[in-house]
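Undergrad:
Numbering (full-length UniProt numbering), first residue to last: 1 to 522.
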């Protein structure tokens with residue numbers, strides 16, 4: 001029977017070796033038909049007094065350790081060790097319910113020492129024979145150690161204010177209240193801000209640290225001497241708090257400001273900080289934007305510090321360390337009002353932050369580049385008549401001046417009862433006398449249409465016979481000749497499309513709205 005059991009267990013071990021999972025006690029016990037009950041839970045330390053890293057512990061204090069399970073007393077007592085170099089470590093153990101171990105020191109703890117408690121996991125077992133999962137280590141400091149170390153003096157001096165005029169070649173100094181551990185303290189002391197390389201040098205008492213500069217500091221720069229809490233005393237006690245000393249090699253403190261401007265339209269000039277909202281008109285759709293700082297700045301990627309609403313696609317680029325540009329990837333929208341917001345998240349090269357933000361509202365309506373096409377006047381004229389009709393040389397039939405009433409239907413009526421052709425002349429005003437688009441999207445020819453509306457019977461199909469346009473100084477004159485006009489009171493809609501898909505000039509300014517008129521064939 002014994003041989004059979006051994007072979008059975010061995011076979012399942014081989015089975016696990018073929019898998020990626022390494023079997024634990026629960027797996028093996030499960031194969032044997034057993035379960036992990038409370039007896040198979042690893043014991044652990046629940047509580048220790050004095051607590052870990054406690055300071056100023058009285059010398060008559062016992063050490064108390066609480067376990068999660070009843071322990072094997074003799075094994076625990078042999079597994080525990082107490083260390084305190086130069087101090088008394090002789091103790092007498094006692095137990096309460098096999099879960100609390102009390103270490104009494106008949107001669108007392110030694111004053112001014114660091115004590116360390118160590119429980120070896122492999123030898124520390126509970127009454128069920130389960131060992132601890134890992135070693136337990138805890139330490140404390142007895143009264144007389146002097147408490148946590150502090151920084152008692154620095155050069156530059158300890159101060160809550162930025163100190164100006166620090167010599168670029170002067171070494172820095174930090175003094176502590178007690179001897180320090182040089183390794184942890186060297187790692188905890190830094191000089192931040194501009195570049196600063198130094199060598200840490202300790203005096204013989206390890207209370208005074210000199211930061212010997214390898215090269216001079218930058219003139220006009222701001223630095224921060226930081227000593228963080230990872231610095232420890234020679235006894236291993238962490239620094240009481242973090243210390244931060246700000247100083248500058250500049251003799252005067254200049255808080256940076258910024259002037260925002262445009263590159264095509266008239267300059268904006270001086271802008272006022274928030275809460276004032278600066279308002280400008282006359283921006284060009286082809287403008288780039290410049291941000292001129294009053295002092296050299298730390299160059300940074302722009303990620304929300306400057307933003308436009310509505311958003312404008314584009315990119316920022318620095319020219320030197322005082323001038324920042326924003327270049328839109330496409331022209332701005334004519335007639336659109338934008339808001340430009342400039343945050344305070346900028347820092348000068350000397351380490352001084354901007355303390356004000358700015359808001360600018362600007363309108364894209366620069367008159368030579370960024371005004372939409374506006375109709376000025378529309379003229380209608382009977383151009384010819386059939387031979388059967390009485391041909392009379394006639395003045396203009398109809399004149400429509402703008403602006404017009406949007407609630408009135410304007411109409412053109414030929415002078416003859418049987419017209420063959422009719423001419424409509426359109427006069428437009430464009431920004432800077434820019435010519436109308438003749439090719440590509442939104443061109444003049446695609447924007448003009450005429451379509452049957454009602455009446456008749458229709459005896460012919462109306463069509464656009466010609467479009468005559470010669471770019472010139474404003475107004476831009478477009479003559480549209482209509483042919484195939486049917487009589488019998490046939491009505492047509494003559495239209496010039498506007499909006500984003502309608503008529504544009506070469507600067508992509510658009511006719512704001514559709515122009516529609518009723519045309520009578522008579």
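Here a beta-carbon is modelled for each residue, glycine too, at the ideal position from N, C-alpha and C.
For the segment 242-318, which segments carrying the beta strand (DSSP E) assignment without a break, of at least 3 residues, lie completely within its bounds, in sequence order?
TA: Runs of the beta strand (DSSP E) inside the segment 242-318: 243-248, 258-262, 277-283, 289-293 and 306-309.
Undergrad: Would DSSP call residue 344 helix, strand or coil?
TA: Reduced to three states, the DSSP call for residue 344 is coil.
Undergrad: Would you kindly report the start and end of the unbroken alpha helix (DSSP H) that includes residue 589?
TA: This structure cannot settle anything about residue 589, because the visible part of the chain is limited to 1 through 522.
Undergrad: Give me the Cβ distance between residue 289 and residue 250, rounded to the nearest whole Å; I'm assuming they're in contact under 8 angstroms.
TA: Not confirmed; about 30 angstroms, so no contact.
Undergrad: May I ask you to verify whether the segment 129-136 touches the segment 94-112, counting CB pairs closer than 8 angstroms and requiring at least 3?
TA: No, because fewer than three Cβ pairs between the segment 129-136 and the segment 94-112 fall closer than 8 angstroms, the two stretches do not touch.
Undergrad: Tell me which residues share the same chain as residue 295 and place their Cβ nearer than 6 angstroms to its Cβ, disregarding the 5 neighbours each side in the sequence.
TA: Correct list, in chain order: 254, 256 and 348.
Undergrad: Name the two residues that bound the continuous beta strand (DSSP E) containing residue 434.
TA: Counting along the chain, residue 434 falls outside any beta strand (DSSP E), and DSSP gives it neither H nor E.
Undergrad: Can we say the segment 267-284 touches the segment 296-307, given the rule of at least three CB pairs closer than 8 angstroms?
TA: Cβ pair count under 8 angstroms is below three, so no.
Undergrad: Where do the ends of the alpha helix (DSSP H) carrying residue 75 lie?
TA: From DSSP, the alpha helix (DSSP H) with residue 75 extends over 73-79.
Undergrad: Rounded to whole angstroms, what's the CA-CA distance from residue 19 to residue 118? Just pull it up for me.
TA: Bear in mind that a pLDDT of 45 at residue 19, under 50, signals an unreliable position, so the model cannot answer this.
Undergrad: Going by Cα to Cα distance, which pick from 424, 143 and 380 is closest to residue 111?
TA: Measuring from the Cα of residue 111, the nearest candidate turns out to be 143.
Undergrad: Quick check on residue 445: does DSSP put it in helix, strand or coil?
TA: Reduced to three states, the DSSP call for residue 445 is helix.
Undergrad: Opposite residue 223 in the DSSP bridges: which residues?
TA: DSSP lists 193 and 247 as partners of residue 223.
Undergrad: In chain order, what are the residue ranges of uninterrupted alpha helix (DSSP H) at least 4 long that sit wholly in the UniProt domain "SbsA Ig-like" (43-142)?
TA: Runs found: 73-79.
Undergrad: Return helix, strand or coil for residue 235, following the three-state DSSP convention.
TA: Residue state, collapsed to three classes: coil.
Undergrad: Where residue 81 and residue 141 are concerned, what is the direct C-alpha to C-alpha distance, given to the nearest angstrom?
TA: Their backbone Cα atoms lie some 16 angstroms apart in a straight line.
Undergrad: Find the nearest neighbour of residue 42 within the set 274, 122, 191 and 355, judged by alpha-carbon distance.
TA: That would be 122, whose Cα lies nearest to the Cα of residue 42.
Undergrad: Starting from the Cα of residue 59, find the closest Cα among 84, 223, 414 and 433 and give me that residue.
TA: It is 84 whose Cα lies nearest to the Cα of residue 59.
Undergrad: CB residue 207 to CB residue 247, shorter than 7 angstroms?
TA: Against a cut-off of 7 angstroms, the Cβ pair of residue 247 and residue 207 comes out as no contact.
Undergrad: Would you check if the distance between the CB atom of residue 429 and the CB atom of residue 475 is smaller than 7 angstroms?
TA: Cβ atoms of residue 429 and residue 475: closer than 7 angstroms.
Undergrad: Excluding the five sequence neighbours on either side, which residues of its own chain have a C-beta within less than 8 angstroms of the C-beta of residue 469, listed in chain order?
TA: The residues are 436, 438, 444, 476, 477, 478 and 479.
Undergrad: Give the single residue among 178, 170 and 245 whose Cα lies nearest to the Cα of residue 531.
TA: Lying before the first or after the last residue shown, residue 531 is absent from the chain, which here runs from 1 to 522.
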